[in-house]
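Trainee: Got a structure for you, written out below as structure tokens; questions coming shortly.
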Amino acid sequence: MRPVELRDDQPVAHEIGRRTYLVADVEPLDVDGVRTVEVGIALFLLTFLALLPFYGQLESSGRLWWLWTCLAGVGLGFLGLEYCRRHRRVRRDREVQVDAAEAATAVAPEPPVPTDPPVPGP
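Quick look at the structure:
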């Protein structure tokens, strides 16, 4: 699968049928997902801590699973966080390799041709 090539000369609007769709000029999202998973872990942890004082009420009403669901969300979130961090490392390493390969194949200027030193006269 080839990566999408981003160019400055891409169209600002697309016409499909009788409709015109404008292309918004936005920054790319967090593509590796690390920040998203971190926020999810924080929300599950805060919910777990918020429900902890109500342990007795949750148990008596048969909703104790809410508490354990939050704890499972935190645990699975840490697994997902490691996965996303590993994915980010692999992507960065690949970008470094591509940059190094491009630098190695770049045409370097030819070194100057050495000239013979002047021969001293008699």
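Number 65 in numbering that gives the first Met the number 0 belongs to position 66 of the sequence shown; there are no gaps in the numbering. The beta-carbon is built from N, C-alpha and C at its ideal position, and this holds for glycine as well.
(1) Where DSSP assigns a beta bridge to A12, which residues make up the other side?
(2) Are the Cβ atoms of D31 and R87 separated by less than 8 Å?
(3) Between the segment 96-106 and the segment 49-61, are three or more C-beta pairs nearer than 8 Å?
(4) Candidates F43, V25 and R18: which alpha carbon is nearest F77's?
(5) Assuming V36 and L80 are in contact, meaning their beta carbons sit under 8 Å apart, how far apart are those beta carbons, in whole angstroms?
(6) Verify whether the separation of the beta carbon atoms of I40 and V89 is less than 8 Å.
(7) Who are the near neighbours of L70 in its chain, counting only those whose CB is closer than 6 Å to its CB and skipping five residues on each side?
(8) How many angstroms separate the CA atom of E26 from the CA atom of T104?
(9) Using beta-carbon positions only, say whether V124 and R91 come within less than 8 Å of one another.
Mentor: By the coordinates alone:
(1) L21
(2) yes
(3) no
(4) F43
(5) 5 Å
(6) no
(7) F47
(8) 30 Å
(9) The displayed coordinates of the chain run from 0 to 121. Any statement about residue 124 would go beyond what the structure contains.
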